[in-house]
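Visitor:
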Amino acid sequence: MAVADEIVDLYSTVLNGALKHYSDIAGAQAIELLMKPALAKAAEEHKFLEPVKAGGGSLEMADLDLGTDIEVMKNGFNTMTKGISDSLSYVFGRDEVIKRVRSLYFEAAAQREKLVHDAKISDGLPAFLKEEIWEEV
Amino acid sequence: MGMFAGLKSRLSGKPTMEQFEKKTIGLPPQEAGPKWVEFAKEHEELRPDNAMYGYRKAAALFRQAGDVDQYIAQSLNYAKAAERVPNYSIAGDGFRVAADNTKEDAREYYSKAGENYRKAGQEAVADRRTTRASDRFASAADSYERAGEYENAIEDYQRSTDIAEKKKHLIRVAKDQGKIAENYLRLNNFEKSAEFFLKHAEAETGRAHVTYSDGFSRAGDAFVKGGNLDQAAEAYLKDSEFSNEPGFGLRNAAECFGKLGNSERVLELLMKEVEDDLAKERAFVAAEVLNLGKVLTKNPRVDAKLKEITVPPGYEKASGALRNTISEELIQKGLEEQAKALGK
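Chains R and C are the protein sequences, given in the same order. Using this note's numbering, the first residue of the first sequence is number 1, and each one after it goes up by one. Using this note's numbering, the first residue of the second sequence is number 1001, and each one after it goes up by one.
1. Kindly indicate which three-state DSSP category C:Glu1243 falls into: helix, strand or coil?
2. In chain order, which alpha helix (DSSP H) runs of at least 4 residues are fully inside the region 1096-1128 of chain C?
3. Does DSSP classify C:Ala1339 as helix, strand or coil?
4. Are at least three pairs of beta-carbons, each pair with one atom in the region 1212-1224 of chain C and one in the region 1236-1243 of chain C, less than 8 angstroms apart?
5. So, C:Ile1309 versus C:Leu1290, is the Cβ gap smaller than 9 angstroms?
6. Taking three-plus beta-carbon pairs below 8 angstroms as touching, is the region 1183-1192 of chain C in contact with the region 43-61 of chain R?
7. Return the residue from the list C:Gly1247, C:Val1295 and C:Thr1297 that minimises the CA-CA distance to C:Leu1278.
8. Rounding to the nearest angstrom, what Cα-Cα distance links C:Gln1332 and C:Glu1255 in this structure?
9. I'd like to know if the region 41-60 of chain R and the region 106-121 of chain R are in contact, where contact means that at least 3 CB-CB pairs between them fall below 8 angstroms.
10. Buried or exposed: which applies to C:Arg1172, given that a residue is buried once 16 or more other Cβ atoms fall within 10 Å of its Cβ?
11. Note down, in chain order, every chain R residue with its Cβ under 7 angstroms from the Cβ of C:Ser1243.
12. Using a Cβ-Cβ distance cut-off of 9 angstroms, determine whether C:Glu1195 contacts chain R.
13. Whose C-beta lies closer than 6 angstroms to the C-beta of C:Arg1218 among residues of the same chain, with five residues either side of it excluded?
14. Quick one: is R:Leu129 near chain C, going by C-beta distance under 9 angstroms?
15. Of all Cβ atoms in chain C, is any one closer than 9 angstroms to the Cβ of R:Glu107?
16. Less than 9 angstroms separating the beta-carbons of C:Val1037 and C:Tyr1053?
17. Specify, as a first and last residue, the run of the beta strand (DSSP E) that R:Ala2 falls within.
18. Which complete alpha helix (DSSP H) runs does the region 1243-1304 of chain C hold, if anything under 4 residues is left out?
19. What number of angstroms, rounded off, separates the C-alpha of R:Ser85 from the C-alpha of R:Pro126?
20. From the DSSP secondary-structure annotation, give me the bridge partner or partners of R:Leu49.
21. Taking the runs of the alpha helix (DSSP H) that are 4 residues or longer, which of them lie wholly in the region 95-136 of chain R?
22. Out of C:Glu1273, C:Lys1080, C:Asn1324 and C:Ala1060, which has the shortest C-alpha to C-alpha gap to C:Tyr1071?
23. Pull out every residue of the region 1305-1333 of chain C whose Cβ sits closer than 7 angstroms to any Cβ of chain R, in chain order.
24. Does the distance from the CB of R:Phe156 to the CB of R:Ile98 come in under 9 angstroms?
25. Closer than 8 angstroms, Cβ to Cβ, to anything on chain R: give me those residues from the region 1223-1256 of chain C, in chain order.
26. Among the candidates C:Leu1229, C:Asp1221 and C:Lys1103, whose CA atom is the shortest distance from the CA of C:Ala1181?
27. For C:Ala1081, which option in C:Ala1051, C:Ile1163 and C:Thr1161 has the closest C-alpha, if you only look at C-alpha atoms?
28. Counting only C-beta atoms, is C:Lys1280 closer than 9 angstroms to chain R at any point?
29. Could one say the Cβ of C:Val1097 lies closer than 9 angstroms to chain R's Cβ atoms, at least one of them?
30. Under the three-state reduction of DSSP, which class applies to R:Ala54: helix, strand or coil?
31. If you run the structure through DSSP and keep just helix, strand and coil, what is R:Glu60?
32. What does C:Ser1143 reach in chain R if we use C-beta pairs closer than 9 angstroms?
33. Alpha helix (DSSP H) containing C:Glu1195: first to last residue?
34. C:Gln1158: which of C:Gly1148, C:Arg1146, C:Ser1134 and C:Leu1306 sits nearest, CA to CA?
35. Can you list, in chain order, the residues of the region 20-33 of chain R whose Cβ is nearer than 9 angstroms to any Cβ on chain C?
36. Using the C-alpha atoms, what's the distance from C:Arg1282 back to C:Lys1307?
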């Protein structure tokens, strides 16, 4: 898999993992409504995210331009991750959402050690995903 | 390598490091590793610097060969040799590798790493190598934090941030202040924790391209834990200015004002939150926020607004989840009765 593909796969795994969990709790239509402004903001700031579609409580990323610069891609996904996490936190509580997204991220990252290292994924991550021992506080 | 070192090696009949290095070139790591351990052992007494180098080389080779136990063992050996040299930075690295790769004794090794990085930082300060000093103090702090020695961690983050502030290294300042805040939180010193979360947030949002910081809401949480609801409300309001979801800060500030008995402020802030939710077509959220308003203010304006809102079918589970979250928030702020009234 090319690096761009792998990056999409990583963020898609984390975000869709979180969205599926909260859709199971609250219903897909509520989750779609909640994340709508975060998606719009991310797409406005990072044009390559415009093709991302929300449906059935998850994100469809198949139409993304994989020729996008990797740094641009990382920035965009980080904005989107932060925005969606904030929206979910608003309804489900910040500690709960951070714990969930962190666990999904670290599990996904552990399976993609080479990508995380080579593409410097840790740089620019939202703070709550960056610090290894945040969860204890 | 100096002339005397060469003499010492020849006198004792052992090859110099350069000679030994040549001998191991081309060997597979699982064969070269043990040879470097042997070399290091032979030099431990007279040349701790050579021993340090040998054990380090061995550690790298064992890592390459995938032998984690030997990687840890040789990292500890080079750390101990480095302490005798002394080369505190390398000693810190060795203990840190051992700590990161083992569960047993990890705290002890993190503590030793912290001790050595701190000494390395102090040496760098004496040599006026400020960036290096700041890096070493930050490494010391991080190691102490993992060792559970939170006071030591705070001391070294403070040393790191003092240097970073002078050098106008704002990313480091923001990061260190956030870590200081977290460590005060671990020590249940909520006032100091909140103070540093605010500093952290101000340092973050002071940077040109950073538009948001979790620091404000985390300061709010710390103030709540310390029972300082006035300042908590201020911090949450600051959060609402910067956040993607202003409603989160508005609602938490309103809950603080609810506990303080300021119904007017509660109403004002919750109504703002409701307007934001309605603009985002989130009727189910707006309705729950108004239910909170009813419990906190008993104001007829809330009932009137509630009547204007229609929540379409299919949002019952989402409304229930939000009600639970709001109830938890109320309990954190000492509003147990109101949480019960909401159905918790």
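Beta carbons are placed, not taken as given, at the ideal position from N, Cα and C, and that holds for glycine. Quantities reported herein were computed from a predicted structural model and do not represent experimental measurements.
Guide: In short, the structure shows the following:
1. Within the second sequence, numbered from 1, the residue matching residue 1243 of chain C stands at position 243. One detail in the question is off: residue 1243 of chain C reads as Ser in this sequence, not Glu. Looking at C:Ser1243 - three-state DSSP - the assignment turns out to be coil, as it is neither helix nor strand.
2. Correct list: 1106-1126.
3. Here the question's residue 1339 of chain C lines up with position 339 in the second sequence. Reduced to three states, the DSSP call for C:Ala1339 is helix.
4. Yes, the region 1212-1224 of chain C touches the region 1236-1243 of chain C.
5. The residue you call residue 1309 of chain C lines up with position 309 of the second sequence. The residue you call residue 1290 of chain C lines up with position 290 of the second sequence. Yes; because the gap between Cβ atoms is below 9 angstroms, this pair is in contact.
6. The count of Cβ pairs closer than 8 angstroms, one atom from the region 1183-1192 of chain C and one from the region 43-61 of chain R, stays below three, leaving the stretches out of contact.
7. Mapped onto the second sequence, residue 1278 of chain C falls at position 278. Here the closest residue by C-alpha is C:Gly1247.
8. Position 332 of the second sequence, counted from the start, is the residue given in the question as residue 1332 of chain C. Position 255 of the second sequence, counted from the start, is the residue given in the question as residue 1255 of chain C. C:Glu1255 has its alpha-carbon roughly 10 angstroms from the corresponding atom of C:Gln1332.
9. Flag = no, the region 41-60 of chain R and the region 106-121 of chain R do not touch.
10. Within the second sequence, residue 1172 of chain C is the residue found at index 172, counting from 1. With 16 or more other Cβ atoms within 10 Å, it is buried.
11. Counting from 1 along the second sequence, the entry for residue 1243 of chain C is found at position 243. Near C:Ser1243 (Cβ distances below 7 angstroms), the residues of chain R are Asp86.
12. Taking the first residue of the second sequence as position 1, residue 1195 of chain C is located at position 195. Under the Cβ criterion of 9 angstroms, C:Glu1195 is not counted among the residues facing chain R.
13. Position 218 of the second sequence holds residue 1218 of chain C. Exclusion of the five residues before and after C:Arg1218 leaves Phe1197 as the residues of its chain whose Cβ lies within less than 6 angstroms of its Cβ.
14. Taking the first residue of the first sequence as position 1, residue 129 of chain R is located at position 129. No, no contact with chain C.
15. As a working mapping, residue 107 of chain R is identified with position 107 in the first sequence. The beta carbon of R:Glu107 sits no closer than 9 angstroms to any beta carbon of chain C.
16. In the second sequence, the residue the question calls residue 1037 of chain C occupies position 37. In the second sequence, the residue the question calls residue 1053 of chain C occupies position 53. Going by C-beta atoms, C:Val1037 is not nearer than 9 angstroms to C:Tyr1053.
17. Here residue 2 of chain R corresponds to residue number 2 of the first sequence, with the count starting at 1. Note, R:Ala2: premise wrong, no beta strand (DSSP E); not H, not E.
18. Fully enclosed alpha helix (DSSP H) runs of 4 or longer: 1246-1259, 1263-1279 and 1283-1297.
19. For this step, residue 85 of chain R is matched to residue 85 along the first sequence. For this step, residue 126 of chain R is matched to residue 126 along the first sequence. Distance between the alpha carbons of R:Ser85 and R:Pro126 is about 10 angstroms.
20. Looking up residue 49 of chain R in the first sequence gives position 49. Note: R:Leu49 sits in no beta bridge, so no partner.
21. For the region 95-136 of chain R, whole alpha helix (DSSP H) runs of length 4 or above, ordered along the chain, are 113-118 and 127-130.
22. To locate residue 1071 of chain C, count along the second sequence from 1; it is residue 71. Closest option to C:Tyr1071, judged by alpha-carbon separation, among C:Glu1273, C:Lys1080, C:Asn1324 and C:Ala1060: C:Ala1060.
23. Residues passing the 7 angstroms Cβ filter: Gly1314, Tyr1315, Lys1317, Ala1318, Ala1321, Leu1322, Thr1325 and Glu1328.
24. Residue 156 of chain R falls outside the range modelled here, since chain R spans only 1 to 137, and no answer is possible.
25. The residues in question are Ser1243, Asn1244, Glu1245, Gly1247 and Phe1248.
26. Against the second sequence, residue 1181 of chain C aligns to sequence position 181. The shortest C-alpha separation from C:Ala1181 is found at C:Asp1221.
27. Within the second sequence, residue 1081 of chain C is the residue found at index 81, counting from 1. Taking only the C-alpha atoms, the option nearest C:Ala1081 is C:Ala1051.
28. The residue labelled residue 1280 of chain C in the question sits at position 280 within the second sequence. Yes, because at least one Cβ of chain R sits closer than 9 angstroms to the Cβ of C:Lys1280.
29. Taking the first residue of the second sequence as 1, we reach residue 1097 of chain C at position 97. It does not: the Cβ of C:Val1097 has no partner Cβ on chain R nearer than 9 angstroms.
30. To locate residue 54 of chain R, count along the first sequence from 1; it is residue 54. Strand.
31. Here residue 60 of chain R refers to the residue found at position 60 when the first sequence is read from its first residue. DSSP places R:Glu60 within a strand segment (E or B) once states are collapsed to three.
32. If you number the second sequence from 1, residue 1143 of chain C lands on position 143. The contacting residues do not exist; C:Ser1143 stays about 11 angstroms from chain R at best.
33. As a working mapping, residue 1195 of chain C is identified with position 195 in the second sequence. Counting along the chain, the alpha helix (DSSP H) containing C:Glu1195 begins and ends at Phe1190 to Thr1205.
34. Counting from one through the second sequence, the residue named residue 1158 of chain C turns up at place 158. Of the candidates C:Gly1148, C:Arg1146, C:Ser1134 and C:Leu1306, the one whose C-alpha sits nearest the C-alpha of C:Gln1158 is C:Ser1134.
35. Cβ contacts with chain C come from Tyr22, Ile25, Ala26, Gly27, Gln29, Ala30, Ile31 and Leu33.
36. Here the question's residue 1307 of chain C lines up with position 307 in the second sequence. Here the question's residue 1282 of chain C lines up with position 282 in the second sequence. The straight-line gap from Cα to Cα measures roughly 15 angstroms.
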